[in-house]
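**Student:** Counted the way UniProt numbering counts, the sequence shown spans residues 1 to 342.
The C-beta atom is built at its ideal place from N, Cα and C for all residues, glycine as well.
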Amino acid sequence: MSFRIVINGYGRIGRCFLRALHESPLRNSLSVVAINEPADIESMAYLTRFDSTHGCFPGTVGIRDGCLHIDDQDIAVTHATSPDGVDWRVFDADLLVEASGRYRYRHELEAFLDAGCPRLLLSHPGHSAADVDRTVVFGMNHEALDGGERIVSAASCTTNAVVPILAILEQTFGIEHALTTTLHSVMNDQPVIDGYHATDLRMTRSAMQSMIPVQTGLAKGISRLLPALEGRIVAKAIRVPVANVSAIDLTVTLRRNATVETINRLMRRVAEEDRHGVLAYSDGPHASVDFNHNGFSAIVDGSQTRASGERLINLMLWFDNEWAFSRRMLDVAAFWAGRLRR
1 MSFRIVINGY GRIGRCFLRA LHESPLRNSL SVVAINEPAD IESMAYLTRF DSTHGCFPGT
61 VGIRDGCLHI DDQDIAVTHA TSPDGVDWRV FDADLLVEAS GRYRYRHELE AFLDAGCPRL
121 LLSHPGHSAA DVDRTVVFGM NHEALDGGER IVSAASCTTN AVVPILAILE QTFGIEHALT
181 TTLHSVMNDQ PVIDGYHATD LRMTRSAMQS MIPVQTGLAK GISRLLPALE GRIVAKAIRV
241 PVANVSAIDL TVTLRRNATV ETINRLMRRV AEEDRHGVLA YSDGPHASVD FNHNGFSAIV
301 DGSQTRASGE RLINLMLWFD NEWAFSRRML DVAAFWAGRL RR
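1. Whole angstroms is fine: what's the gap from residue 93's alpha carbon to residue 113's?
2. If you compare alpha carbons, which of 296, 6 and 285 is closest to residue 138?
3. Determine the contact status of residue 161 and residue 251, defining contact as a CB-CB distance below 8 Å.
4. Please give me, in chain order, every unbroken run of the alpha helix (DSSP H) with length at least 4 that falls completely inside the segment 164–198.
5. Which runs of the beta strand (DSSP E) spanning at least 3 residues fall entirely within the segment 45–113, listed in chain order?
6. In the DSSP assignment, the beta strand (DSSP E) including residue 267 goes from what residue to what residue?
7. Counting only the same chain and skipping the five closest in sequence on each side, list residues whose C-beta sits under 8 Å from that of residue 236.
8. Indicate whether residue 208 and residue 192 have their beta-carbon atoms separated by less than 8 Å.
9. According to DSSP, which residues form a beta bridge with residue 318?
10. Suppose you measure from the CA of residue 111 to the CA of residue 85; what does that come to, to the nearest Å?
11. I need the DSSP call for residue 34, collapsed to helix, strand or coil.
12. One question on the structure: do residue 104 and residue 127 come within less than 8 Å of each other, judged by their Cβ atoms?
13. Would you kindly work out how many angstroms separate the C-alpha atoms of residue 152 and residue 271, rounded to a whole number?
14. Since I believe residue 243 is in contact with residue 186 (beta carbons under 8 Å), could you give me their beta-carbon distance rounded to a whole number of angstroms?
Below, the structure is given as structure tokens:
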């Protein structure tokens, strides 16, 4: 019997999640049965079929009897604007994927449970560790899921990219201090041309004309998963005017000596031995667009590894912030489903 999923929020991540499932063999064991999105169904169907970043949907997309009709499946559509605006019980769902990004506090998330959702998978971190039952980065700590959780966060695209690399470096060399700078593609909270923003003056500026420093909670997210690094890592982020694919510039002071060659050998070996398929290594002459629609959480670019002295190293990690993260959410959903079937 298929594991039944409903999606709340049908923006970039919600649509990528649905498409990732459609393109995966997991579609034989998981199915999306309903989507809640305030926008009209005509726009939902159109944006499913035509995607400026990832190309046309690899299947048929239409509307039938008030449902999204994708290939041979009807997906129910609702348009509620609050967690309790839908009686989720009618869909007999096993999991709700919360992809709106709006709800981060436990009392907000529990409103979904009270309205009939048995469990939630978030596309964003909880406001604090206490707001979720577990934060999961697939390929690192997902096996800690025991099936008893009701609210799980899949962390963030940047956390999924950098935490496995930091864990490897900590285990192999030890980390004294680390600094991450995320060069992140534009997002839909930025204006195309200059416009107003409620809280951040920099965010009033045109997304396509400037590199814009923004706030990031990445250091806090890393510390939740790697508590040994708490107080020893800081993070910055800059939005850059590209539509998709981001990079992390990672600088680490190690406890033991290393060279560019030893770091690259380690990263290549780890990528080759990665049984979860979340890490890759490349030393080719790549540009960011080469990693569009790439499913790896992080691709270590060995051509950009640098060392200053014996313990200060710098790495560059590429990642498709939409597609790879949606793939990891799908992986977490599938693993969680397996735990529940035991």
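**Tutor:** Once the coordinates are examined:
1. Residue numbering aside, residue 93 sits at position 93 when the sequence shown is read from its first letter. Residue numbering aside, residue 113 sits at position 113 when the sequence shown is read from its first letter. Roughly 12 Å separates the two Cα atoms.
2. Numbered from 1 along the sequence shown, position 138 holds the residue referred to as residue 138. The option with the nearest alpha carbon to residue 138 is 296.
3. Taking the first residue of the sequence shown as position 1, residue 161 is located at position 161. Taking the first residue of the sequence shown as position 1, residue 251 is located at position 251. Not a contact, by the Cβ cut-off of 8 Å.
4. The qualifying runs do not exist here; there are none.
5. With a minimum length of 3 residues, the continuous beta strand (DSSP E) runs that stay inside the segment 45–113 are 61–64, 67–70, 73–78 and 95–98.
6. For this step, residue 267 is matched to residue 267 along the sequence shown. Here residue 267 belongs to no beta strand (DSSP E); instead the alpha helix (DSSP H) covers 260–273.
7. Against the sequence shown, residue 236 aligns to sequence position 236. These residues qualify, in order along the chain: 179, 180, 181, 182, 213 and 216.
8. As a position in the sequence shown, residue 208 is number 208, starting the count at 1. As a position in the sequence shown, residue 192 is number 192, starting the count at 1. In terms of Cβ geometry, residue 208 and residue 192 form a close pair [threshold 8 Å].
9. By 1-based counting over the sequence shown, the position of residue 318 is 318. DSSP, once it has assigned bridges, lists 247 and 299 as partnering residue 318.
10. Within the sequence shown, residue 111 is the residue found at index 111, counting from 1. Within the sequence shown, residue 85 is the residue found at index 85, counting from 1. Rounded to whole angstroms, residue 111 and residue 85 show a C-alpha spacing of 10 Å.
11. Position 34 of the sequence shown holds residue 34. Assignment of residue 34 by DSSP, reduced to helix, strand and coil, places it in the strand class.
12. The sequence position of residue 104 within the sequence shown is 104, counting from 1. The sequence position of residue 127 within the sequence shown is 127, counting from 1. Yes, Cβ-Cβ distance for residue 104 and residue 127 is below 8 Å.
13. Translated into positions along the sequence shown, residue 152 becomes position 152. Translated into positions along the sequence shown, residue 271 becomes position 271. Each residue's alpha carbon lies about 26 Å from the other.
14. Taking the first residue of the sequence shown as 1, we reach residue 186 at position 186. Taking the first residue of the sequence shown as 1, we reach residue 243 at position 243. The pair is a contact, with the Cβ atoms about 7 Å apart (cut-off 8 Å).
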